[in-house]
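Let me begin by presenting the structure, written as C-alpha coordinates, before commenting on it.
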Amino acid sequence: MERRTFIKSSLATMGACATPTLVRAAASASATVKSIRIIAAGGQSGEALQRGYIDAYTARTGITVQREDTTGTPLGKLRAMVESGRIDSVLHEIGGPALAQAMALNLLAPLDWAQIDPAAMFPEARHTHGMGYQYFSVTLSGRADAAPLANWKDFWDTAKFPGWRSLPDIPYYSLPIALLADGVAPENLYPIDFDRAFASLERIKSHVPVWWSSGAQPAQLLLDNEVRYAASYSGRVAGNPKLRLEFNQGLLNIGYFVMPRGAAPAQASAAFGLLHQMTLPASQAEAAKIIPYTGNSPYLDKLLPQDKLAQFPTSRANREVQILPNEAFWAAHASVVEKRWQLFKLGL
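So the sequence shown is residues -25 to -1, 1 to 323, counted in mature numbering (1 follows the signal peptide of the UniProt record, and there is no 0).
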(Lines of atoms letter the chains of each structure in order from A and count residues from 1; the text may use other names and numbers.)
(Lines give C-alpha, C1' and ligand atoms only; values in the text may rest on other atoms or scores of the structure.)
Protein backbone atom coordinates (compact mmCIF):
# COMPACT_ATOMS: atom_id res chain seq x y z
CA MET A 1 0.00 0.00 0.00
CA GLU A 2 1.25 3.47 -0.84
CA ARG A 3 1.57 6.09 1.81
CA ARG A 4 -1.56 7.97 2.73
CA THR A 5 -2.75 9.19 6.47
CA PHE A 6 -0.75 6.89 7.67
CA ILE A 7 -2.33 8.39 8.01
CA LYS A 8 12.16 10.86 4.55
CA SER A 9 32.77 16.71 6.94
CA SER A 10 31.06 16.39 10.35
CA LEU A 11 28.07 14.47 9.14
CA ALA A 12 30.17 11.68 7.71
CA THR A 13 32.01 11.53 11.03
CA MET A 14 28.72 11.27 12.89
CA GLY A 15 27.66 8.32 10.75
CA ALA A 16 31.02 6.61 11.14
CA CYS A 17 30.97 7.03 14.90
CA ALA A 18 27.54 5.41 15.08
CA THR A 19 28.52 2.34 13.11
CA PRO A 20 30.23 0.36 15.92
CA THR A 21 27.16 0.84 18.09
CA LEU A 22 24.97 -0.50 15.32
CA VAL A 23 27.16 -3.56 14.94
CA ARG A 24 27.25 -4.20 18.69
CA ALA A 25 23.48 -3.75 19.08
CA ALA A 26 22.71 -6.21 16.32
CA ALA A 27 25.58 -8.57 17.09
CA SER A 28 24.03 -9.69 20.37
CA ALA A 29 20.96 -10.79 18.45
CA SER A 30 22.77 -12.25 15.45
CA ALA A 31 23.75 -15.41 17.31
CA THR A 32 20.10 -16.46 17.41
CA VAL A 33 18.44 -14.18 14.84
CA LYS A 34 19.30 -14.45 11.17
CA SER A 35 16.23 -12.66 9.85
CA ILE A 36 13.51 -10.27 10.98
CA ARG A 37 10.21 -9.40 9.35
CA ILE A 38 8.68 -5.93 9.13
CA ILE A 39 5.49 -4.44 7.68
CA ALA A 40 5.85 -1.12 5.89
CA ALA A 41 4.48 1.04 3.10
CA GLY A 42 5.17 -0.14 -0.43
CA GLY A 43 5.79 1.71 -3.67
CA GLN A 44 8.60 4.25 -3.80
CA SER A 45 8.50 4.59 -0.02
CA GLY A 46 9.17 0.88 0.33
CA GLU A 47 11.96 1.05 -2.23
CA ALA A 48 13.55 3.94 -0.32
CA LEU A 49 13.32 1.95 2.91
CA GLN A 50 15.01 -1.01 1.25
CA ARG A 51 17.84 0.85 -0.45
CA GLY A 52 18.41 3.49 2.20
CA TYR A 53 18.26 1.40 5.35
CA ILE A 54 17.61 -2.32 4.99
CA ASP A 55 20.39 -3.07 2.50
CA ALA A 56 22.93 -1.16 4.60
CA TYR A 57 21.75 -2.87 7.80
CA THR A 58 22.02 -6.33 6.27
CA ALA A 59 25.46 -5.56 4.85
CA ARG A 60 26.69 -4.51 8.30
CA THR A 61 25.08 -7.23 10.42
CA GLY A 62 24.30 -10.20 8.19
CA ILE A 63 20.70 -10.10 9.40
CA THR A 64 18.23 -10.16 6.53
CA VAL A 65 14.97 -8.22 6.62
CA GLN A 66 11.80 -9.60 5.09
CA ARG A 67 9.64 -6.62 4.14
CA GLU A 68 5.90 -7.02 3.67
CA ASP A 69 3.93 -4.18 2.12
CA THR A 70 1.12 -2.80 4.25
CA THR A 71 -2.33 -3.97 3.21
CA GLY A 72 -5.73 -3.20 4.69
CA THR A 73 -5.78 -1.28 7.95
CA PRO A 74 -2.33 -1.29 9.59
CA LEU A 75 -3.76 -0.83 13.08
CA GLY A 76 -6.20 -3.70 12.57
CA LYS A 77 -3.42 -6.05 11.54
CA LEU A 78 -1.29 -4.98 14.49
CA ARG A 79 -4.16 -5.51 16.90
CA ALA A 80 -4.97 -8.96 15.54
CA MET A 81 -1.34 -9.99 15.87
CA VAL A 82 -0.98 -8.84 19.47
CA GLU A 83 -4.31 -10.25 20.62
CA SER A 84 -3.55 -13.63 19.04
CA GLY A 85 -0.10 -13.73 20.59
CA ARG A 86 1.49 -14.62 17.24
CA ILE A 87 4.02 -11.86 16.67
CA ASP A 88 5.52 -12.60 13.27
CA SER A 89 6.51 -9.02 12.38
CA VAL A 90 8.74 -7.14 14.80
CA LEU A 91 8.26 -3.65 13.31
CA HIS A 92 5.16 -2.04 11.82
CA GLU A 93 4.95 1.28 10.00
CA ILE A 94 1.96 3.38 11.05
CA GLY A 95 0.92 7.03 11.08
CA GLY A 96 0.76 9.35 14.06
CA PRO A 97 -2.94 8.96 14.91
CA ALA A 98 -2.61 5.18 14.72
CA LEU A 99 0.37 5.34 17.07
CA ALA A 100 -1.69 7.16 19.68
CA GLN A 101 -4.58 4.71 19.24
CA ALA A 102 -2.28 1.70 19.47
CA MET A 103 -0.86 3.01 22.73
CA ALA A 104 -4.36 3.48 24.13
CA LEU A 105 -5.15 -0.13 23.20
CA ASN A 106 -1.93 -1.39 24.84
CA LEU A 107 -0.71 -2.92 21.58
CA LEU A 108 2.86 -1.61 21.66
CA ALA A 109 6.09 -2.42 23.41
CA PRO A 110 8.11 0.60 24.57
CA LEU A 111 11.23 1.17 22.51
CA ASP A 112 14.60 0.68 24.18
CA TRP A 113 16.30 3.91 23.20
CA ALA A 114 19.51 2.85 24.93
CA GLN A 115 19.77 -0.06 22.50
CA ILE A 116 18.75 2.05 19.52
CA ASP A 117 21.38 4.63 20.50
CA PRO A 118 20.25 7.03 17.78
CA ALA A 119 22.19 9.73 16.04
CA ALA A 120 20.79 13.24 16.49
CA MET A 121 17.05 13.37 15.78
CA PHE A 122 14.25 15.89 15.58
CA PRO A 123 12.62 15.73 19.04
CA GLU A 124 9.12 14.84 17.81
CA ALA A 125 10.51 11.75 16.04
CA ARG A 126 11.65 10.22 19.35
CA HIS A 127 8.58 8.72 20.99
CA THR A 128 8.35 6.30 23.90
CA HIS A 129 6.57 3.74 21.69
CA GLY A 130 7.59 4.68 18.17
CA MET A 131 10.35 6.14 16.07
CA GLY A 132 9.51 8.66 13.38
CA TYR A 133 11.66 7.64 10.45
CA GLN A 134 10.16 9.45 7.46
CA TYR A 135 8.73 12.95 7.03
CA PHE A 136 6.26 13.75 4.28
CA SER A 137 4.04 16.74 3.60
CA VAL A 138 0.58 17.53 2.32
CA THR A 139 1.05 20.76 0.42
CA LEU A 140 -0.49 23.35 -1.86
CA SER A 141 0.04 22.13 -5.41
CA GLY A 142 -0.98 23.37 -8.80
CA ARG A 143 -0.25 23.30 -12.48
CA ALA A 144 2.79 25.30 -13.53
CA ASP A 145 0.63 27.27 -15.97
CA ALA A 146 -1.79 28.30 -13.19
CA ALA A 147 -1.30 31.39 -11.04
CA PRO A 148 0.76 30.46 -7.95
CA LEU A 149 -0.95 30.18 -4.57
CA ALA A 150 0.65 31.47 -1.37
CA ASN A 151 -1.61 29.82 1.23
CA TRP A 152 -4.85 27.90 1.73
CA LYS A 153 -6.85 31.12 1.77
CA ASP A 154 -5.80 31.55 -1.87
CA PHE A 155 -6.87 27.97 -2.56
CA TRP A 156 -10.36 28.86 -1.32
CA ASP A 157 -10.44 32.07 -3.40
CA THR A 158 -12.00 30.69 -6.57
CA ALA A 159 -12.78 34.16 -7.93
CA LYS A 160 -9.16 35.30 -7.94
CA PHE A 161 -7.77 31.84 -8.74
CA PRO A 162 -10.37 30.08 -10.91
CA GLY A 163 -10.38 26.38 -11.71
CA TRP A 164 -11.33 23.04 -10.22
CA ARG A 165 -9.70 21.87 -7.00
CA SER A 166 -9.03 18.49 -5.41
CA LEU A 167 -8.88 17.83 -1.67
CA PRO A 168 -8.20 14.67 0.35
CA ASP A 169 -11.03 12.37 1.35
CA ILE A 170 -9.13 12.28 4.64
CA PRO A 171 -10.40 14.52 7.47
CA TYR A 172 -7.01 14.38 9.18
CA TYR A 173 -5.78 16.58 6.31
CA SER A 174 -8.84 18.41 5.01
CA LEU A 175 -10.13 19.76 8.33
CA PRO A 176 -6.90 21.58 9.30
CA ILE A 177 -6.62 22.85 5.71
CA ALA A 178 -10.16 24.22 5.91
CA LEU A 179 -9.38 26.09 9.11
CA LEU A 180 -6.18 27.57 7.70
CA ALA A 181 -8.20 28.71 4.67
CA ASP A 182 -10.67 30.37 7.04
CA GLY A 183 -7.93 32.40 8.69
CA VAL A 184 -7.05 30.32 11.75
CA ALA A 185 -3.40 30.84 12.68
CA PRO A 186 -1.27 27.68 12.58
CA GLU A 187 -0.52 27.92 16.30
CA ASN A 188 -4.27 27.98 17.04
CA LEU A 189 -5.31 24.98 14.93
CA TYR A 190 -5.77 22.68 17.91
CA PRO A 191 -8.15 21.77 19.28
CA ILE A 192 -9.87 21.58 15.90
CA ASP A 193 -13.06 23.64 15.72
CA PHE A 194 -15.16 21.10 13.82
CA ASP A 195 -18.12 23.40 13.18
CA ARG A 196 -15.88 26.07 11.69
CA ALA A 197 -13.88 23.55 9.64
CA PHE A 198 -16.95 21.93 8.09
CA ALA A 199 -18.50 25.34 7.40
CA SER A 200 -15.33 26.26 5.53
CA LEU A 201 -15.50 23.04 3.50
CA GLU A 202 -19.11 23.79 2.59
CA ARG A 203 -17.90 26.97 0.89
CA ILE A 204 -15.40 25.17 -1.34
CA LYS A 205 -17.04 21.81 -2.01
CA SER A 206 -18.81 22.89 -5.23
CA HIS A 207 -15.35 23.55 -6.71
CA VAL A 208 -14.00 20.13 -5.71
CA PRO A 209 -15.06 17.46 -8.23
CA VAL A 210 -12.65 14.86 -6.84
CA TRP A 211 -11.92 14.07 -3.20
CA TRP A 212 -8.87 11.87 -3.46
CA SER A 213 -8.07 8.80 -1.40
CA SER A 214 -5.01 7.55 -3.28
CA GLY A 215 -1.77 9.49 -3.05
CA ALA A 216 -1.20 9.23 -6.80
CA GLN A 217 -4.52 10.88 -7.66
CA PRO A 218 -3.95 14.62 -7.14
CA ALA A 219 -0.75 14.80 -9.19
CA GLN A 220 -2.39 12.86 -12.00
CA LEU A 221 -5.47 15.08 -11.88
CA LEU A 222 -3.22 18.11 -12.21
CA LEU A 223 -1.22 16.62 -15.07
CA ASP A 224 -4.41 15.68 -16.92
CA ASN A 225 -5.71 19.24 -16.39
CA GLU A 226 -8.81 17.90 -14.65
CA VAL A 227 -8.06 20.29 -11.79
CA ARG A 228 -5.92 23.43 -11.56
CA TYR A 229 -5.04 23.13 -7.88
CA ALA A 230 -4.84 20.32 -5.33
CA ALA A 231 -3.71 19.40 -1.87
CA SER A 232 -1.19 16.66 -2.54
CA TYR A 233 1.70 14.74 -1.08
CA SER A 234 4.80 16.77 -1.81
CA GLY A 235 6.73 13.76 -3.08
CA ARG A 236 4.23 13.25 -5.89
CA VAL A 237 4.74 16.78 -7.22
CA ALA A 238 8.34 17.70 -6.39
CA GLY A 239 10.61 17.95 -9.39
CA ASN A 240 7.87 17.77 -12.02
CA PRO A 241 8.30 20.80 -14.32
CA LYS A 242 4.59 20.75 -15.20
CA LEU A 243 3.55 21.17 -11.57
CA ARG A 244 4.09 23.72 -8.83
CA LEU A 245 4.67 23.05 -5.12
CA GLU A 246 4.26 25.41 -2.15
CA PHE A 247 5.32 24.30 1.34
CA ASN A 248 3.88 27.32 3.16
CA GLN A 249 1.15 26.06 5.55
CA GLY A 250 1.97 22.50 4.54
CA LEU A 251 0.97 19.69 6.88
CA LEU A 252 4.21 18.01 7.94
CA ASN A 253 3.57 14.37 8.78
CA ILE A 254 5.65 11.54 10.19
CA GLY A 255 5.70 7.84 9.42
CA TYR A 256 6.56 5.83 12.54
CA PHE A 257 7.89 2.36 13.17
CA VAL A 258 6.42 0.67 16.24
CA MET A 259 7.01 -2.68 17.90
CA PRO A 260 4.10 -4.96 18.83
CA ARG A 261 3.76 -5.91 22.47
CA GLY A 262 5.06 -9.43 22.97
CA ALA A 263 7.87 -9.32 20.42
CA ALA A 264 10.63 -11.81 21.25
CA PRO A 265 13.64 -10.15 22.96
CA ALA A 266 16.17 -11.36 20.39
CA GLN A 267 13.97 -10.15 17.53
CA ALA A 268 13.49 -6.83 19.30
CA SER A 269 17.24 -6.41 19.76
CA ALA A 270 17.84 -6.99 16.06
CA ALA A 271 15.05 -4.54 15.20
CA PHE A 272 16.61 -1.85 17.39
CA GLY A 273 19.72 -2.16 15.25
CA LEU A 274 17.63 -1.48 12.15
CA LEU A 275 16.05 1.55 13.83
CA HIS A 276 19.54 2.82 14.62
CA GLN A 277 20.37 2.57 10.93
CA MET A 278 17.38 4.76 10.17
CA THR A 279 18.83 7.61 12.26
CA LEU A 280 22.07 7.86 10.27
CA PRO A 281 22.16 10.91 7.99
CA ALA A 282 24.06 9.07 5.24
CA SER A 283 21.38 6.37 5.10
CA GLN A 284 18.63 8.99 5.07
CA ALA A 285 20.31 10.77 2.16
CA GLU A 286 20.41 7.48 0.26
CA ALA A 287 16.69 6.92 0.88
CA ALA A 288 15.93 10.46 -0.29
CA LYS A 289 17.39 9.59 -3.71
CA ILE A 290 14.38 7.34 -4.29
CA ILE A 291 11.60 9.60 -3.04
CA PRO A 292 11.86 13.24 -1.94
CA TYR A 293 10.84 12.57 1.64
CA THR A 294 13.31 12.97 4.46
CA GLY A 295 14.44 11.24 7.62
CA ASN A 296 14.65 12.36 11.23
CA SER A 297 18.11 13.95 11.22
CA PRO A 298 18.39 17.72 11.74
CA TYR A 299 21.75 17.56 9.93
CA LEU A 300 20.50 16.10 6.66
CA ASP A 301 20.42 19.27 4.55
CA LYS A 302 24.16 19.21 3.81
CA LEU A 303 23.93 15.69 2.38
CA LEU A 304 21.02 16.42 0.04
CA PRO A 305 21.43 17.79 -3.49
CA GLN A 306 21.59 21.53 -2.92
CA ASP A 307 19.83 22.30 -6.20
CA LYS A 308 16.88 20.18 -5.04
CA LEU A 309 16.81 21.19 -1.38
CA ALA A 310 13.56 23.11 -1.82
CA GLN A 311 11.79 19.83 -2.66
CA PHE A 312 12.39 18.17 0.72
CA PRO A 313 9.90 18.49 3.63
CA THR A 314 12.42 18.97 6.43
CA SER A 315 14.88 21.31 4.75
CA ARG A 316 15.32 24.23 7.11
CA ALA A 317 13.32 26.69 5.00
CA ASN A 318 10.41 24.30 4.45
CA ARG A 319 10.22 22.96 8.00
CA GLU A 320 9.86 26.48 9.39
CA VAL A 321 6.68 27.22 7.42
CA GLN A 322 4.87 23.92 8.00
CA ILE A 323 2.65 22.56 10.74
CA LEU A 324 3.05 19.37 12.75
CA PRO A 325 -0.18 17.59 13.74
CA ASN A 326 -1.49 17.04 17.24
CA GLU A 327 -1.61 13.24 17.11
CA ALA A 328 -3.16 12.83 20.55
CA PHE A 329 -6.08 15.04 19.52
CA TRP A 330 -6.81 12.96 16.44
CA ALA A 331 -6.61 9.70 18.34
CA ALA A 332 -9.01 10.99 21.00
CA HIS A 333 -11.55 12.17 18.42
CA ALA A 334 -11.14 9.49 15.74
CA SER A 335 -14.63 7.98 15.89
CA VAL A 336 -16.41 11.34 16.13
CA VAL A 337 -14.43 12.75 13.21
CA GLU A 338 -15.10 9.77 10.98
CA LYS A 339 -18.85 9.82 11.61
CA ARG A 340 -19.09 13.52 10.90
CA TRP A 341 -16.91 13.19 7.81
CA GLN A 342 -19.18 10.52 6.36
CA LEU A 343 -22.20 12.77 6.94
CA PHE A 344 -20.40 15.60 5.15
CA LYS A 345 -19.68 13.35 2.18
CA LEU A 346 -23.37 12.48 1.84
CA GLY A 347 -23.94 16.11 0.90
CA LEU A 348 -21.34 16.20 -1.86
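Glycine included, every Cβ here is placed at the ideal spot set by N, Cα and C.
Each residue's CA atom was taken as its position, placing G37 and D170 some 54 Å apart.
Below 8 Å, too few C-beta pairs join the stretch 174 to 194 and the stretch 76 to 89 to call them touching: fewer than three. Residue environment: S59 is assigned as exposed (fewer than 16 neighbouring CB atoms within 10 Å of its CB, all protein chains considered). DSSP, reduced to helix, strand and coil, places V202 outside both helices and strands of the structure shown, so it counts as coil. F247 and A257 have their alpha carbons spaced roughly 18 Å apart. Leaving aside the five residues that flank M78 on each side, the residues in its chain whose CB is nearer than 6 Å to its CB run, in chain order, H104. When DSSP states are grouped into helix, strand and coil, E295 belongs to the coil group.
Around R26, the same chain offers E261, A262, K264, I265 as residues with beta carbons nearer than 8 Å, after the five sequence neighbours per side are excluded. Taking 9 Å as the cut-off, the Cβ atoms of S209 and V113 count as close. According to the DSSP secondary-structure assignment, M106 is paired through a beta bridge with R101, F232. By the neighbour-count criterion, in which 16 or more other beta carbons inside 10 Å mark a residue as buried, V311 falls on the exposed side.
Relative to the Cα of F97, the nearest Cα in the group A89, Q192, G107, R203 belongs to G107. Across the structure, P280 and P267 are spaced so that their CA atoms are roughly 11 Å apart. Between the alpha carbons of A153 and E162 lies a distance of about 15 Å. Less than 9 Å separates the beta-carbon of L124 from that of Y204.
L318 sits in a helix when the DSSP states are folded into three classes. Contact annotation: N228 and R101 have beta-carbon atoms that are not nearer than 9 Å.
Judged by DSSP in its simplified three-state form, S258 adopts helix.
For the pair L150 and L74, the Cα-to-Cα distance works out to about 20 Å. Residues Y165 of the same chain have their beta carbon placed closer than 7 Å to that of N301, with the five preceding and five following residues left out of the count. Leaving aside the five residues that flank G225 on each side, the residues in its chain whose CB is nearer than 6 Å to its CB run, in chain order, S112, T114, Q297. Spanning the alpha carbons of S10 and R178 requires a straight line of approximately 53 Å. Going by beta carbons, I29 and S64 fall outside the 9 Å limit. Our two residues, V8 and G230, have alpha carbons roughly 26 Å apart in a direct line.
About 7 Å separates the beta carbon of R219 from that of S116, a gap short enough to meet the 8 Å contact definition.
A residue is called buried once 16 or more other Cβ atoms fall within 10 Å of its Cβ, and A238 is buried on that count.
In this structure, F304 places its C-beta atom within 9 Å of the C-beta atom of I167. P235 is positioned such that its CB atom lies closer than 9 Å to that of I62. In the three-state reduction of the DSSP assignment, H67 falls in the strand class. Taken in chain order, the complete alpha helix (DSSP H) segments of 4 or more residues contained in the stretch 148 to 213 are 169 to 179, 192 to 198, 209 to 212. Judged by beta-carbon spacing, R140 lies beyond the 9 Å limit of V212, meaning their Cβ atoms are not closer than that value.
Within the DSSP bridge table, the entry for F111 names N228 as partners. Residue state for L250 is assigned as helix, using DSSP reduced to three classes. With fewer than 16 other beta carbons inside 10 angstroms of its own, P240 counts as exposed.
If only complete runs of 4 or more residues are kept, the stretch 111 to 136 shows the alpha helix (DSSP H) at 127 to 131, in order along the chain.
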